[in-house]
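See structure below.
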Amino acid sequence: MIELDSIERVFQVGDEEVHALKHVTLTIKKGEYLSIMGPSGSGKSTLLNILGLLDRPTSGTYRLDSIDTTSMGDNEQADTRRHRIGFVFQSYHLVPRLTAAENVALPLMLSGMAPKERQVIVEKALDNVDLLDRADHRPDQLSGGQRQRVAIARATIMQPTILLADEPTGNLDHVSGESVIEVLEALNKQGIILIVVTHDMEIGERATRRIRMVDGSISKDIS
Amino acid sequence: MQATDFIRLTLGSVFSQHLRSFLTALGIAVGVAAVVLLTSIGEGVHRFVLAEFSQFGTNILAVTPGKNTTFGMSGAVINTVRPLTMEDAEALKRIADVEAVVSVVQGNAEVEFGKRSRRTMIIGAGHAVPAVWQMDVKIGRFLPDDDPRNARAFAVLGSKMADELFGSRSLLGEIVRIASERFRVIGVMESKGTMLGFDLDDTLFIPAGRALEMFNREGVMEIDLLYRSTANVEQLEEQISRLMQARHGYEGFTIITQEEMLETLGSILDILTLAVGALGGISLLVGGVGILTIMSIAVNERTHEIGLLRALGTRRRQVLGLFLGEAVLLSATGGFAGLVIGAGGAALLGLAIPALPVHTPWYFVLLAELMAVVIGVIAGVAPARRAASLDPVEALRAE
Chain A
1 MIELDSIERV FQVGDEEVHA LKHVTLTIKK GEYLSIMGPS GSGKSTLLNI LGLLDRPTSG
61 TYRLDSIDTT SMGDNEQADT RRHRIGFVFQ SYHLVPRLTA AENVALPLML SGMAPKERQV
121 IVEKALDNVD LLDRADHRPD QLSGGQRQRV AIARATIMQP TILLADEPTG NLDHVSGESV
181 IEVLEALNKQ GIILIVVTHD MEIGERATRR IRMVDGSISK DIS
Chain B
1 MQATDFIRLT LGSVFSQHLR SFLTALGIAV GVAAVVLLTS IGEGVHRFVL AEFSQFGTNI
61 LAVTPGKNTT FGMSGAVINT VRPLTMEDAE ALKRIADVEA VVSVVQGNAE VEFGKRSRRT
121 MIIGAGHAVP AVWQMDVKIG RFLPDDDPRN ARAFAVLGSK MADELFGSRS LLGEIVRIAS
181 ERFRVIGVME SKGTMLGFDL DDTLFIPAGR ALEMFNREGV MEIDLLYRST ANVEQLEEQI
241 SRLMQARHGY EGFTIITQEE MLETLGSILD ILTLAVGALG GISLLVGGVG ILTIMSIAVN
301 ERTHEIGLLR ALGTRRRQVL GLFLGEAVLL SATGGFAGLV IGAGGAALLG LAIPALPVHT
361 PWYFVLLAEL MAVVIGVIAG VAPARRAASL DPVEALRAE
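Chains A and B, in that order, give the protein sequences. Numbering-wise (the UniProt record's numbering), the first sequence opens with residue 1 and increments by one. Numbering-wise (the UniProt record's numbering), the second sequence opens with residue 1 and increments by one.
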């Protein structure tokens, strides 16, 4: 469960203060499927970064599974990201010199799990995204859709509470985009909170709860 | 993160840029090779010189006239150094731990035999030379144990001297003229070679008392003592000092033990080795700059990856460790290659030029490798810190 309470984020740009988020209050329950839409500069990326603990709000509180994250230290936030939050990026962000399986295993590796234990989990995760036969391929040997599915397998390998997807289909054609969205929605059905930031109306409309942002505030919240 | 995963990740990123990594490691390799090679030569020279000096034995001690201190005033007050005499030598001989004593007087004189003549170094000494200086007689015998005040006019030739003057003729019992005085040849020394360019075989030994007269000197130049190897050198020095003070009334002499001399010489040579090592160290430093450059470039190129690692929950310290690990891996492998090249080069040099003394001490090798690793850490720390301090949002967004 996510609880945002009057979150503000102010950036200092030169002499000017830019209010990227203004008093954003939002509660997201377990298993919800959200889309966040809005024009460029409306604050949707900033909101996503704060939800993902990559950025800190200037004021306000953010509780994740009833734990206050705003008072956490740097290391604690890193640990929370590792265990509770999964990221899917528009440009996949796979490590080019690692194979698909190694990329998926990265979070397990960082948490100190032994290679033997990892293997089973990684294989299952790759199987879930239908890429078990591509386990030993490097990212440059995979198509865009396959790469994004590897990225999803990596994002969910730690069984996080939330999955944050930032324009997950932005670099994909319609068919691959469709298959990626289907994988994400299937994960949501298993209980994960899925938050998709997108420009694409068609994808945004698929979410059960649709949030529209304008000038750093939530202007519409339809479910 | 487990150690094996850490190593695999660093190895993977270093090997993925194999040419670049190779060249960077090569910079360190050249530096370490230079340090190892130069210190090998330095240490070789060190050992060579010490061996040259200790060929006369190590249980040897010299008493020379004059005190080795600088007085506040100019020489006006104490400027006449009381000479050491042969009687001093006789007295020193009676000290319990002293085995043998040689009084030394040196000078140059013309030596003639028949129509041949040769100017050479004349060493006035006593019968104990073979024992004290560890020299052997090849033919005949050395100077006899005569009364030093009235020694017979005998001469013993250095091997080169004998060759030059007599060729292959028999020489025992022949008369040579040294500075117009007549001496009977009673022996030839075994060849001793050169010491630091000075030919020890181009010499001639006569009794010290005769040499004093010949060169018109008041006192001997040096008294060399051979002491028992079991003797306590400090106590012995004190005994000598007391005896000499009693005889001379003041401290107008200096005692130098071979040990002290070797120590002084050793410390000078250590500085020499250190200096050439430092010269090699400069190239090691340049190698370090190479690592700094490459790691800075790597951090720039892999900004996305750093952002991703942070998003996946990697702590700053882990990011720091990964990049530092790469820098150390580069420097350590480069260093190891340099050790092999340097030590191999030194060995080859030793084979190719046998005259050049080369010795590779293992602790220098260890030190050089350690230095390479330290340089890796120092060069890697700034880029690694930059990687660790990147803002994850900025890093992920970077173009």
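By construction, the Cβ of each residue, glycine as well, lies at the ideal position given by its N, Cα and C atoms.
Backbone secondary structure at residue i - three-state DSSP
| i | result |
| --- | --- |
| serine 331 of chain B | helix |
| glutamate 52 of chain B | helix |
| glutamate 3 of chain A | strand |
| valine 102 of chain B | strand |
| threonine 80 of chain A | helix |
| lysine 115 of chain B | coil |
| serine 217 of chain A | strand |
| alanine 388 of chain B | helix |
| leucine 194 of chain A | strand |
| valine 24 of chain A | strand |
| threonine 264 of chain B | helix |
| valine 77 of chain B | Confidence is the limiting factor: at valine 77 of chain B the pLDDT is only 45, short of 50, which leaves the residue's position unreliable and the question unanswerable from this model. |
| alanine 125 of chain B | strand |
| threonine 58 of chain B | coil |
| phenylalanine 87 of chain A | strand |
| valine 129 of chain A | coil |
| alanine 155 of chain B | strand |
| isoleucine 353 of chain B | coil |
When the options are compared against residue i, the one with the closest alpha-carbon
| i | options | result |
| --- | --- | --- |
| serine 389 of chain B | B:Thr314, B:Glu190 and B:Ile291 | B:Thr314 |
| phenylalanine 154 of chain B | B:Val188, B:Val132 and B:Asp136 | B:Val188 |
| valine 328 of chain B | B:Leu292, B:Met244 and B:Met221 | B:Leu292 |
| proline 107 of chain A | B:Ala382, B:Ser103 and B:Arg310 | B:Arg310 |
| methionine 295 of chain B | B:Leu312, B:Gly321 and B:Glu326 | B:Glu326 |
| leucine 367 of chain B | B:His18, B:Leu274 and B:Leu26 | B:Leu274 |
| threonine 39 of chain B | B:Gly342, B:Arg386, B:Val14 and B:His18 | B:Gly342 |
| glycine 43 of chain A | A:Thr69, A:Leu64, A:Arg9 and A:Arg134 | A:Arg9 |
| leucine 84 of chain B | B:Ala395, B:Arg247, B:Glu99 and B:Met261 | B:Arg247 |
| valine 63 of chain B | B:Thr120, B:Met135, B:Leu9 and B:Tyr227 | B:Tyr227 |
| isoleucine 255 of chain B | B:Leu61, B:Glu87 and B:Arg152 | B:Leu61 |
| proline 51 of chain B | B:Arg20, B:Thr194 and B:Leu165 | According to the sequence displayed, residue 51 of chain B carries alanine and not proline. It is B:Thr194 whose Cα lies nearest to the Cα of alanine 51 of chain B. |
| methionine 86 of chain B | B:Gly27, B:Gly376, B:Met221 and B:Gly167 | B:Met221 |
| threonine 46 of chain A | A:Lys22, A:Asp68, A:Ile67 and A:Lys29 | A:Lys22 |
| aspartate 5 of chain A | A:Asp15, A:Glu16, A:Thr25 and A:Gly86 | A:Thr25 |
8 Å contact criterion, which residue i and residue j should meet: CB distance rounded
| i | j | result |
| --- | --- | --- |
| isoleucine 240 of chain B | isoleucine 123 of chain B | Not confirmed; about 23 Å, so no contact. |
| isoleucine 378 of chain B | glycine 321 of chain B | The pair is not a contact, with the Cβ atoms about 16 Å apart (cut-off 8 Å). |
| glutamine 318 of chain B | methionine 1 of chain B | 6 Å |
| arginine 82 of chain B | glycine 252 of chain B | 5 Å |
| methionine 371 of chain B | leucine 284 of chain B | 7 Å |
| alanine 100 of chain B | isoleucine 223 of chain B | In fact, because the Cβ distance is near 11 Å, the residues do not count as touching under 8 Å. |
| phenylalanine 89 of chain A | alanine 151 of chain A | 7 Å |
| phenylalanine 323 of chain B | valine 299 of chain B | 7 Å |
| alanine 33 of chain B | glycine 290 of chain B | About 15 Å; that fails the 8 Å criterion. |
Between the CA atoms of residue j and residue i - distance to the nearest angstrom
| i | j | result |
| --- | --- | --- |
| valine 36 of chain B | phenylalanine 56 of chain B | 31 Å |
| proline 168 of chain A | isoleucine 193 of chain A | 15 Å |
| lysine 220 of chain A | serine 35 of chain A | 11 Å |
| threonine 27 of chain A | tyrosine 62 of chain A | 10 Å |
| isoleucine 306 of chain B | methionine 72 of chain A | 21 Å |
| glutamate 112 of chain B | phenylalanine 53 of chain B | 31 Å |
| leucine 279 of chain B | valine 286 of chain B | 12 Å |
| leucine 243 of chain B | serine 191 of chain B | 36 Å |
| residue 230 of chain A | serine 331 of chain B | Since the displayed chain A opens at 1 and closes at 223, residue 230 of chain A lies outside it and no answer follows. |
| proline 144 of chain B | arginine 182 of chain B | 17 Å |
| glutamate 3 of chain A | proline 39 of chain A | 24 Å |
| serine 217 of chain A | threonine 58 of chain A | 15 Å |
| valine 49 of chain B | glycine 277 of chain B | 18 Å |
| arginine 56 of chain A | methionine 158 of chain A | 23 Å |
| glycine 66 of chain B | serine 229 of chain B | 27 Å |
| histidine 127 of chain B | valine 374 of chain B | 59 Å |
| valine 120 of chain A | alanine 105 of chain A | 10 Å |
| glycine 52 of chain A | methionine 201 of chain A | 23 Å |
| isoleucine 206 of chain B | arginine 177 of chain B | 12 Å |
| aspartate 166 of chain A | glutamate 117 of chain A | 30 Å |
| asparagine 128 of chain A | glycine 86 of chain A | 16 Å |
| glutamate 260 of chain B | glutamate 237 of chain B | 12 Å |
Beta carbon proximity, residue i to chain E, threshold 8 Å
| i | result |
| --- | --- |
| methionine 295 of chain B | Of the protein chains in the structure, A and B, none is chain E. |
contact_flag[the segment 131 to 141 of chain B, the segment 155 to 172 of chain B] where n(CB pairs < 8 Å) is 3 or more: yes
Stretch pair the segment 352 to 361 of chain B + the segment 39 to 49 of chain B: three plus CB contacts closer than 8 Å: yes
Any 3 or more C-beta pairs closer than 8 Å across the segment 336 to 353 of chain B and the segment 104 to 116 of chain A: no
Segment contact flag, the segment 192 to 207 of chain A with the segment 30 to 47 of chain A, C-beta cutoff 8 Å, min 3 pairs: yes
contact_flag[the segment 89 to 106 of chain B, the segment 205 to 218 of chain B] where n(CB pairs < 8 Å) is 3 or more: yes
Segment contact flag, the segment 196 to 210 of chain B with the segment 160 to 167 of chain B, C-beta cutoff 8 Å, min 3 pairs: yes
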